[in-house]
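Enquirer:
There are 2 protein chains.
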Amino acid sequence: MCHGAFMNNISEHSRRCRSSKRADRGSTRSLIIDAAGRVFAEKGFAKTTTREICQKAGVNSAAVNYYFGSKEGLYDEVLVEAHRQIISLDQMKTIMEDSAMSDEDKLRFVFSLVFRTAANASGLWGIKVLMRELAFPSAEFPRSLKDEILPKAKLMRGLMGRLVNAPADSVKAAHAAFLVMMPCAYLLLFSEKIRSSILPELAYREEMVRSMHAYTMAGLSALRG
Amino acid sequence: MCHGAFMNNISEHSRRCRSSKRADRGSTRSLIIDAAGRVFAEKGFAKTTTREICQKAGVNSAAVNYYFGSKEGLYDEVLVEAHRQIISLDQMKTIMEDSAMSDEDKLRFVFSLVFRTAANASGLWGIKVLMRELAFPSAEFPRSLKDEILPKAKLMRGLMGRLVNAPADSVKAAHAAFLVMMPCAYLLLFSEKIRSSILPELAYREEMVRSMHAYTMAGLSALRG
DNA sequence: AAAAAATTAAAACATATGTTTGAAATTGAC
DNA sequence: GTCAATTTCAAACATATGTTTTAATTTTTT
Chain A
1 MCHGAFMNNI
11 SEHSRRCRSS
21 KRADRGSTRS
31 LIIDAAGRVF
41 AEKGFAKTTT
51 REICQKAGVN
61 SAAVNYYFGS
71 KEGLYDEVLV
81 EAHRQIISLD
91 QMKTIMEDSA
101 MSDEDKLRFV
111 FSLVFRTAAN
121 ASGLWGIKVL
131 MRELAFPSAE
141 FPRSLKDEIL
151 PKAKLMRGLM
161 GRLVNAPADS
171 VKAAHAAFLV
181 MMPCAYLLLF
191 SEKIRSSILP
201 ELAYREEMVR
211 SMHAYTMAGL
221 SALRG
Chain B
226 MCHGAFMNNI
236 SEHSRRCRSS
246 KRADRGSTRS
256 LIIDAAGRVF
266 AEKGFAKTTT
276 REICQKAGVN
286 SAAVNYYFGS
296 KEGLYDEVLV
306 EAHRQIISLD
316 QMKTIMEDSA
326 MSDEDKLRFV
336 FSLVFRTAAN
346 ASGLWGIKVL
356 MRELAFPSAE
366 FPRSLKDEIL
376 PKAKLMRGLM
386 GRLVNAPADS
396 VKAAHAAFLV
406 MMPCAYLLLF
416 SEKIRSSILP
426 ELAYREEMVR
436 SMHAYTMAGL
446 SALRG
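Chain order of the listed sequences is A and B.
Start counting the first sequence at 1; every next residue gets the next number (our numbering).
Start counting the second sequence at 226; every next residue gets the next number (our numbering).
1) Return helix, strand or coil for Ala-344/B, following the three-state DSSP convention.
2) When you compare only the Cα positions, how much space is there between Ala-364/B and Ala-176/A?
3) Using a 10 Å radius around the Cβ and a threshold of 16 neighbouring Cβ atoms, would you call Leu-424/B buried or exposed?
4) Evaluate Lys-318/B with the Cβ neighbour count: other Cβ atoms within 10 Å of its Cβ, from every protein chain shown; 16 or more gives buried, anything less gives exposed.
5) For Gly-123/A and Val-284/B, I'd like the C-alpha separation in whole angstroms.
6) Taking 9 angstroms as the threshold (C-beta atoms), are Ala-307/B and Val-354/B in contact?
7) Using a Cβ-Cβ distance cut-off of 9 angstroms, determine whether Asp-105/A contacts chain B.
8) When we look at the beta-carbon of Glu-375/B and count the other beta-carbons within 10 Å, is it buried (16 or more) or exposed?
9) With a cut-off of 9 angstroms, does the C-beta of Arg-387/B fall near any C-beta of chain A?
10) Looking at the unbroken alpha helix (DSSP H) that takes in Arg-435/B, where does it start and where does it end?
11) Quick check: what's the CA-CA separation for Thr-275/B versus Asn-290/B?
12) Would you say Leu-223/A faces chain B, with C-beta separation under 9 angstroms as the test?
13) Check Ser-252/B in the structure and name its three-state DSSP category.
14) With DSSP run on the structure shown, which of helix, strand or coil describes Glu-97/A?
15) For Thr-233/A, report the span of its alpha helix (DSSP H) as first-last.
16) Once you ignore the five residues that flank Gly-37/A on each side, which residues in its own chain have a CB closer than 8 angstroms to its CB?
17) Please decide whether Tyr-215/A counts as near chain B, where near means a Cβ-Cβ distance under 9 angstroms.
18) In whole angstroms, give me the CA-to-CA distance for Phe-45/A and Thr-273/B.
19) Might you give, ordered along the chain, the residues of its own chain that have their beta carbon closer than 6 angstroms to the beta carbon of Arg-449/B, omitting 5 neighbours on each side?
20) Rounded to whole angstroms, what's the CA-CA distance from Ile-32/A to Cys-54/A? Just pull it up for me.
21) Looking at the C-beta of Met-96/A, does it have a partner C-beta in chain B at a distance below 9 angstroms?
22) Applying a beta-carbon distance threshold of less than 9 angstroms, which residues of chain A neighbour Glu-432/B?
23) Mind checking Lys-418/B: buried by the 16 CB within 10 Å criterion, or exposed?
24) Given that a residue counts as buried once 16 or more other Cβ atoms are within 10 Å of its Cβ, and exposed if not, what is Pro-408/B?
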């Protein structure tokens with residue numbers, strides 16, 4: 001009766017560092033999170049079944065409820081892991097507060113991070129899960145994640161404000177943030193099937209980064225003046 | 226046994242113009258499509274139950290299968306109706322081929338159409354359903370609708386090509402189309418809940434149209450040169 | 001008005017799916 | 001090696017939901 005559902009609070013570190021003898025390459029728990037991430041990214045929460053996750057992970061169907069209590073509990077953990085995959089708040093802070101870097105270079109850094117992520121989309125399921133949440137937030141969208149997204153958004157708005165020469169909380173900065181970030185968001189979210197049929201010429205290449213950067217800087221300059 | 230599932234082919238006009246004596250304000254069929262559109266727009270296909278649709282429409286649960294054969298059949302009809310709500314291919318052709326209008330004005334027209342739609346989003350469920358399909362196409366995404374979307378996309382790429390002084394099927398035009406249209410797409414798709422928490426200053430006002438237009442024209446000019 | 005057709009309604013049905021159960025197997029501590 | 005704790009497994013369970021059925025009701029036709 002002492003089931004694993006209550007183990008979510010136990011430090012993950014201790015579980016990870018324990019030499020796993022049952023499963024050679026990664027504990028059952030990690031196997032489930034990874035399989036779940038891939039399936040959730042592809043199908044979304046509602047269309048995903050725990051049976052498919054367990055099958056892909058090669059574990060028994062009862063494992064989800066044993067380790068995570070419920071499908072929702074698993075999804076929560078997947079969201080946490082998704083954030084880890086992209087960029088931590090600390091990393092982002094470091095870059096945004098780096099005085100040796102121009103604001104234009106910071107923007108370029110964001111674009112290349114986006115492109116790297118988009119190009120790696122098959123391996124990194126995290127960004128797809130998070131973008132799904134942004135477009136269609138699930139009931140399970142936890143406050144703790146909002147607390148992670150909002151600070152990052154605030155950093156971006158600071159950058160945008162400086163680029164259009166306006167306060168971070170001004171309407172102008174909001175417009176700039178929206179106009180700059182939405183193509184990024186869609187680049188990460190857009191269904192590959194649809195994109196390739198509507199815009200087959202659009203490839204994730206250096207050429208595209210240059211176009212985005214040129215287009216964005218010119219647009220921001222127009223907002224500024 | 227002569228059930229309504231086979232009536233989908235009968236002209237809707239005859240059904241509409243027939244004096245409806247059972248249901249005063251709109252036939253059962255239309256009631257279902259409208260209720261379904263609202264629920265599908267809000268929750269997506271998977272999370273929507275036919276029982277909720279029927280309850281919202283005030284009809285019996287069996288009505289969906291009676292009139293549309295299945296939940297998928299109903300969804301197909303909702304997609305057809307969604308296209309009708311926005312703009313027809315013919316209307317769009319007329320505008321795009323209007324030689325009395327500058328390309329810049331045509332772009333402005335697109336933006337105001339987008340804004341009108343976004344501001345009316347509560348009443349018009351069609352755009353939300355279509356945007357969901359663009360981001361996460363369902364298995365039911367019918368070829369006939371692709372045949373409606375692709376021609377419209379081609380018209381937009383023609384406009385974009387002229388604006389950046391490049392052929393419609395060039396990489397440059399594809400980049401332009403992507404960079405210009407993605408903020409529009411997201412404006413229509415973005416979860417209101419999330420938008421208002423991340424960008425509370427962003428309202429659907431004339432001010433925003435002006436920002437978008439200025440930003441976009443400057444960006445396109447940069448792509449051109 | 002009578003008969004036929006179409007529609008509506010309530011309930012039953014079948015299936016998919018999240019979850020629980022209880023036993024078997026494995027692991028780690030002594 | 002023994003024993004308790006943990007993990008795995010197969011099966012069962014409960015529920016939600018798309019669908020079907022059958023009869024009652026309404027509408028249309030003649």
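We treat Cβ as the ideally placed atom computed from N, Cα and C, and that holds for glycine.
Expert: Let's see:
1) helix
2) 36 angstroms
3) buried
4) exposed
5) 46 angstroms
6) yes
7) no
8) In the sequence on display, residue 375/B carries Leu and not Glu. Label assigned to Leu-375/B: exposed.
9) no
10) 431-449
11) 9 angstroms
12) yes
13) coil
14) coil
15) The displayed coordinates of chain A run from 1 to 225. Any statement about residue 233/A would go beyond what the structure contains.
16) Val-78, Glu-81, Ala-82, Trp-125, Gly-126, Val-129
17) yes
18) 13 angstroms
19) Val-389, Asn-390
20) 7 angstroms
21) no
22) Val-171, His-175
23) exposed
24) buried
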